[in-house]
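Engineer: Residue numbers (the UniProt record's numbering): 1 to 125. For each residue, glycine too, the CB sits at the ideal point set by N, CA and C. Quick one: the structure is below, and I'll ask about it shortly.
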C-alpha cells in the first residue's frame with residue numbers, strides 16, 4: 001500500500017472515471033455506517049448534468065464498485081468488481097428522505113444510455 005491515507009473531503013466534488021478514463025460522474029456525498037463508521041455508499045450525480053436543473057439525478061452506489069487509482073489520483077467505477085449482493089441500497093440518511101436516489105443498476109443503465117461507457121459486447125455474450 002503506497003498511500004493508504006487520503007482525505008474524504010478532498011474527493012467530494014471530484015470526478016469519477018470509468019475504467020477507460022472517461023469522466024462519468026461527480027462524487028456528491030459519502031455515506032458511512034452509523035455504527036462502525038465504514039464507508040458504505042457513494043452518492044453520485046452524472047457528469048455533465050446541469051447543477052441548476054430542478055431535479056437532480058442521484059445514484060447511491062456501494063463502495064465495492066470503486067477503486068482509488070493513485071496514478072491519476074481519482075476514483076474509478078468498475079461495474080464488474082462490485083459485490084452482487086450490494087447492488088441495491090438499504091437505508092440512506094434522513095436528508096435523502098424526499099430525494100429520489102437510484103441504485104447501481106440504474107446507474108449502469110444511465111451510463112449505457114447517455115455515455116460512451118456502454119461496455120464491450122461480443123458475439124459470444
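Buried or exposed: where does residue 80 fall if 16 or more other Cβ atoms within 10 Å of its Cβ makes it buried?
Structural biologist: exposed
Engineer: Enumerate, from N- to C-terminal direction, the unbroken beta strand (DSSP E) stretches of 3 or more residues contained entirely within the UniProt domain "PRC-barrel" (6–53).
Structural biologist: 15–17, 23–32, 39–46
Engineer: For the region 30–38 against the region 100–109, are there 3 or more C-beta pairs whose distance is under 8 Å?
Structural biologist: no
Engineer: In chain order, what residues of the same chain lie with their CB nearer than 7 Å to the CB of residue 108, ignoring the 5 residues before and after it?
Structural biologist: 79
Engineer: Can you grab the Cα-Cα spacing for the pair residue 62 / residue 41, in whole Å?
Structural biologist: Approximately 4 Å between the Cα atoms of the pair.
Engineer: Between the C-alpha atoms of residue 23 and residue 38, what's the straight-line distance to the nearest angstrom?
Structural biologist: 26 Å
Engineer: What separation, rounded to the nearest whole angstrom, lies between the Cα atoms of residue 13 and residue 114?
Structural biologist: 21 Å
Engineer: Assuming residue 65 is part of the alpha helix (DSSP H), what are its boundary residues?
Structural biologist: First-last for residue 65: undefined, no H or E at that position.
Engineer: DSSP state of residue 57, grouped into three classes?
Structural biologist: Coil.
Engineer: Indicate the three-state DSSP secondary structure (helix, strand or coil) for residue 111 in the structure shown.
Structural biologist: helix
Engineer: Whole angstroms is fine: what's the gap from residue 29's alpha carbon to residue 67's?
Structural biologist: 16 Å
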